[in-house]
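Heads up, the sequence shown is in our numbering, so the first residue is 2 and it goes up one at a time.
In this text, a Cβ means the ideal position worked out from N, Cα and C, and glycines have one as well.
Down below is the structure, laid out as structure tokens.
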Amino acid sequence: MLNNLTVLTVSAVAGALLGFSKTGVPGAGILVVPIMAIIFPAKQSIGILLPILICADLFAAWYYRYYADTKELLHLLPGCFIGMFCGFRLLTEVSSENLKTVLGILVITLLLLEWLRHQFDLRWISKHSLSPLIFGAVAGFATTIGNAAGPITSIFLLSKGFDKHNFMGTTAWFFLIANIGKFPIFYKLNFIDHQTLAFDLWMLPFAGFGVFLGYKLLPKIPQKLFNKFIYTVSLIAAFQLLGF
Numbered sequence: 002m003l004n005n006l007t008v009l010t011v012s013a014v015a016g017a018l019l020g021f022s023k024t025g026v027p028g029a030g031i032l033v034v035p036i037m038a039i040i041f042p043a044k045q046s047i048g049i050l051l052p053i054l055i056c057a058d059l060f061a062a063w064y065y066r067y068y069a070d071t072k073e074l075l076h077l078l079p080g081c082f083i084g085m086f087c088g089f090r091l092l093t094e095v096s097s098e099n100l101k102t103v104l105g106i107l108v109i110t111l112l113l114l115e116w117l118r119h120q121f122d123l124r125w126i127s128k129h130s131l132s133p134l135i136f137g138a139v140a141g142f143a144t145t146i147g148n149a150a151g152p153i154t155s156i157f158l159l160s161k162g163f164d165k166h167n168f169m170g171t172t173a174w175f176f177l178i179a180n181i182g183k184f185p186i187f188y189k190l191n192f193i194d195h196q197t198l199a200f201d202l203w204m205l206p207f208a209g210f211g212v213f214l215g216y217k218l219l220p221k222i223p224q225k226l227f228n229k230f231i232y233t234v235s236l237i238a239a240f241q242l243l244g245f
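Below you can see the structure in the form of structure tokens.
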């Protein structure tokens with residue numbers, strides 16, 4: 002059993018990483034999913050994270066408000082809502098312990114997608130007429146069951162040739178809409194209650210600190226080294242969720 006100091010310390014780091022993930026270092030968000038599911042029951046962990054994500058998304062959506070591609074956003078959202086419904090159905094059936102296994106598999110899959118994105122030219126993806134529906138649905142499913150769909154939307158939006166600002170703006174608005182839509186679902190499933198919201202008050206300042214550090218330190222951080230560190234630790238944490 003983890004002691005209170007460990008829980009507070011790890012969750013503070015998770016909050017800071019969430020802030021980092023919204024300020025130009027989206028890969029940092031992958032690590033948050035497994036480490037929160039290790040220190041909390043899986044269902045409680047995704048409930049705790051959602052309000053923090055919404056706060057971070059509100060900031061990111063405002064900051065990049067002039068850069069969102071409304072056309073691509075509207076193409077992705079119908080599939081996203083379909084995926085969210087499927088994710089909701091899964092969450093009503095699976096136990097918290099089994100959800101840990103699902104989250105472990107999800108994180109490993111996302112890491113594989115990140116590797117593929119860096120290894121291959123994926124611009125062909127956006128040429129298929131069904132690609133927005135498919136990627137929207139997979140992203141909606143992944144964000145509902147684990148608050149983790151960044152690599153999925155990254156592959157689709159980068160295949161469109163978006164520059165960094167258009168990418169960040171469209172991503173911010175996509176996840177803001179998706180996460181607000183998830184709130185009543187999580188509340189209905191009792192993933193969010195007064196206790197999880199109280200814990201969010203502990204994590205929120207660290208998320209804000211992560212946002213600040215991201216803007217200040219991002220130009221000085223060796224991006225490739227940082228990504229390798231995040232992905233390696235995420236992979237280790239994912240295997241721990243799977244019981245290895």
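Test item: CB-CB of residue i and residue j under 8 Å
{"i": "L32", "j": "L18", "result": "yes"}
{"i": "G80", "j": "P133", "result": "yes"}
{"i": "F192", "j": "G84", "result": "no"}
{"i": "I55", "j": "N148", "result": "no"}
{"i": "L77", "j": "F168", "result": "no"}
{"i": "L59", "j": "L202", "result": "no"}
DSSP state of residue i mapped onto helix, strand, coil
{"i": "A140", "result": "helix"}
{"i": "G20", "result": "helix"}
{"i": "F89", "result": "helix"}
{"i": "H129", "result": "coil"}
{"i": "L78", "result": "helix"}
{"i": "Y232", "result": "helix"}
{"i": "G162", "result": "coil"}
{"i": "F121", "result": "coil"}
{"i": "P223", "result": "coil"}
{"i": "P185", "result": "helix"}
{"i": "S12", "result": "helix"}
{"i": "A238", "result": "helix"}
Of the residues the options, the one placed nearest residue i, counting alpha carbons only
{"i": "K23", "options": "P223, H166, G141, Y188", "result": "H166"}
{"i": "D70", "options": "L226, P185, L158", "result": "L158"}
Alpha helix (DSSP H) segment containing residue i, residue limits
{"i": "Y64", "result": "43 to 64"}
{"i": "D201", "result": "195 to 218"}
{"i": "N191", "result": "Careful: N191 lies outside any alpha helix (DSSP H) and carries neither H nor E."}
{"i": "N148", "result": "Careful: N148 lies outside any alpha helix (DSSP H) and carries neither H nor E."}
{"i": "L32", "result": "29 to 40"}
Whole-number beta carbon distance between residue j and residue i, since they are thought to touch under 8 Å
{"i": "V212", "j": "G20", "result": "4 Å"}
{"i": "A15", "j": "M204", "result": "7 Å"}
{"i": "G105", "j": "P35", "result": "7 Å"}
{"i": "G170", "j": "Y68", "result": "3 Å"}
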